[in-house]
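Peer 1: Mapping the sequence shown onto the UniProt record's numbering, position 31 (from 1) lands on 31, and the numbers just tick up by one.
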Amino acid sequence: MTLATSQIRRTCRRYKPHFLMALVQLGYTILYFITEAAFNHGLNPHVFITYRQFVGGLATLPFAYFLERKLRPKFTWALLLEIPVLSLLGVSLTLNMYFTSLRYTSPTFVSSVVNTIASMTFVIALCLRLEHLDAKSPRGIAKIVGTVGSSTVHKSWLKGSILTVASCITWSIWYIMQAITLKRYPAQLSLTTWMSFVGGAQSAVFTAFVEQKTSAWIIGFDIKFRSIIYSKIILQGVVCSGLIIFIQLWCTEEKGPVFVTMFNPLSTIMVALLAYFVFGERLYMGSIMGGVIVIVGLYLVLWGKERDKECREQTEKQPDSTYEKQNRAREVSPTNNGEKDEMKEFYAV
């Protein structure tokens with residue numbers, strides 16, 4: 001019974017990042033439609049982002065303050081420069097472009113284009129040597145095929161939006177910067193809070209230049225207020241700007257940025273299924289085949305990364321085992337102590 005329990009715990013610990021990232025994509029899927037509904041109610045995308053980030057920062061602030069009080073390292077000048085850049089790439093600049101494109105397209109199209117983030121992040125990680133690739137080995141081939149396959153986009157790509165592609169590029173850089181920053185500042189909740197507040201402030205400044213009318217910031221106490229504030233801004237702020245970003249930071253530190261981005265294509269499948277069963281949109285055979293390719297590609301990449309991890313662990317253990325064998329060989333030497341004593345007595349005489 002004890003062995004079975006320990007085996008279950010090891011399995012849960014091993015696949016915990018996989019399960020969490022699948023939940024993240026489910027959350028993104030629901031938030032796609034919530035965001036589109038908010039824009040259909042007339043909410044400005046830039047104002048929406050500003051409110052959402054401040055709500056997310058307020059939600060994570062108490063947890064970051066109390067839970068990571070002893071974990072937070074001291075601030076350095078490098079961190080003071082990195083956090084505004086992270087907030088710009090992951091929050092203010094990226095989300096403003098992203099949600100503006102969502103306003104003019106559809107959740108299905110945007111979620112499809114987001115699949116390219118995995119390929120972009122993989123290439124950038126290779127260039128920065130954050131990801132290792134042996135193109136001749138089966139695991140290396142699996143990672144290449146899986147990355148290309150999981151980046152299969154919807155047919156709406158031909159109608160592509162420049163803003164969506166630009167947001168995907170900045171998002172890819174943001175994932176890489178996360179991995180680098182977390183090595184010096186491993187407090188995920190605190191980093192999430194900082195990015196939410198700094199990104200919200202940056203978005204507020206940008207919105208002030210774009211939206212000259214103060215009425216854009218005011219939401220009245222009518223149906224618009226109830227539907228948008230309660231079910232959209234607060235939900236988006238707490239779940240997306242707070243919980244989801246924290247989970248992504250944790251998984252990035254545990255598994256790396258490529259692992260995190262490889263789950264993005266799952267949201268495309270979830271969006272298509274939700275649009276079909278809930279909203280009655282058509283589901284084409286091409287979408288079904290694309291979903292199968294995405295799942296196979298994701299499996300290949302995860303398989304390749306697991307094999308890489310096993311190879312690294314074996315390589316790290318090999319020098320130690322070789323050293324231990326050499327020590328044992330020295331201990332069990334053919335020259336016995338009796339012969340040494342006889343030689344000493346001979347020379348003494």
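Yeah, the Cβ is synthetic: ideal placement off N, Cα and C, and Gly gets one too.
Please state whether DSSP places alanine 204 in a helix, a strand or coil.
Peer 2: The answer is helix: DSSP assigns alanine 204 an H, G or I state.
Peer 1: If you draw a straight line from the alpha carbon of arginine 184 to that of methionine 195, how long is it in whole angstroms?
Peer 2: If I take the Cα positions, the gap works out to 16 Å.
Peer 1: Please classify residue 350 as buried or exposed, where buried requires at least 16 neighbouring CB atoms within 10 angstroms.
Peer 2: It is not possible to answer for residue 350, since the shown part of the chain is limited to 1 through 349.
Peer 1: Here's a check: name, in chain order, each residue in its chain whose Cβ is nearer than 8 Å to the Cβ of glutamate 254, leaving out the five neighbours to either side.
Peer 2: Pro17
Peer 1: On the CB-based measure, 16 or more other CB atoms within 10 Å of its CB, does phenylalanine 19 come out buried or exposed?
Peer 2: exposed
Peer 1: Return yes when the Cβ of isoleucine 245 is within less than 8 Å of the Cβ of threonine 207, no when it is not.
Peer 2: no
Peer 1: Are the Cβ atoms of glycine 242 and valine 91 separated by less than 8 Å?
Peer 2: no
Peer 1: Less than 8 Å between the C-beta atoms of glutamate 68 and leucine 189, yes or no?
Peer 2: Yes, the Cβ-Cβ distance between glutamate 68 and leucine 189 is below 8 Å.
Peer 1: With DSSP run on the structure shown, which of helix, strand or coil describes leucine 191?
Peer 2: helix
Peer 1: For valine 165, which option in Asn96, Thr181, Ala216 and Ala179 has the closest C-alpha, if you only look at C-alpha atoms?
Peer 2: With distances taken between Cα atoms, valine 165 lies closest to Asn96.
Peer 1: Distance, Cα to Cα, serine 215 vs threonine 50?
Peer 2: Cα atoms of serine 215 and threonine 50: separation of roughly 15 Å, rounded to the nearest angstrom.
Peer 1: To the nearest angstrom, report how far apart serine 167 and serine 267 are at their CA atoms.
Peer 2: 17 Å
Peer 1: Taking DSSP as the reference, what is the three-state secondary structure of residue 351?
Peer 2: Examination of residue 351 is not possible in this model, given that the chain is present from 1 through 349 alone.
Peer 1: Nearest-angstrom Cα distance between glutamine 7 and leucine 163?
Peer 2: 47 Å
Peer 1: Can you tell me where the alpha helix (DSSP H) holding glutamine 178 begins and where it ends?
Peer 2: 162–184
Peer 1: Going by CA-CA distance only, name the one from Arg13, Arg14, Phe197 and Leu23 that's closest to phenylalanine 263.
Peer 2: Leu23
Peer 1: Does DSSP classify glycine 27 as helix, strand or coil?
Peer 2: helix
Peer 1: Going by CA-CA distance only, name the one from Val55, Phe63 and Pro45 that's closest to phenylalanine 99.
Peer 2: Pro45
Peer 1: Please classify tyrosine 65: is it buried, with 16 or more other beta-carbons within 10 angstroms of its beta-carbon, or exposed?
Peer 2: exposed
Peer 1: Using the Cα positions of threonine 11 and threonine 2, report the straight-line distance between them to the nearest angstrom.
Peer 2: 14 Å
Peer 1: Say whether chain C places a C-beta atom closer than 8 Å to the C-beta of alanine 179.
Peer 2: You won't find chain C in this structure, because it holds only one protein chain.
Peer 1: Could you work out which residue in Arg9, Tyr15, Leu26 and Pro62 is closest to alanine 272 when comparing CA atoms only?
Peer 2: Leu26
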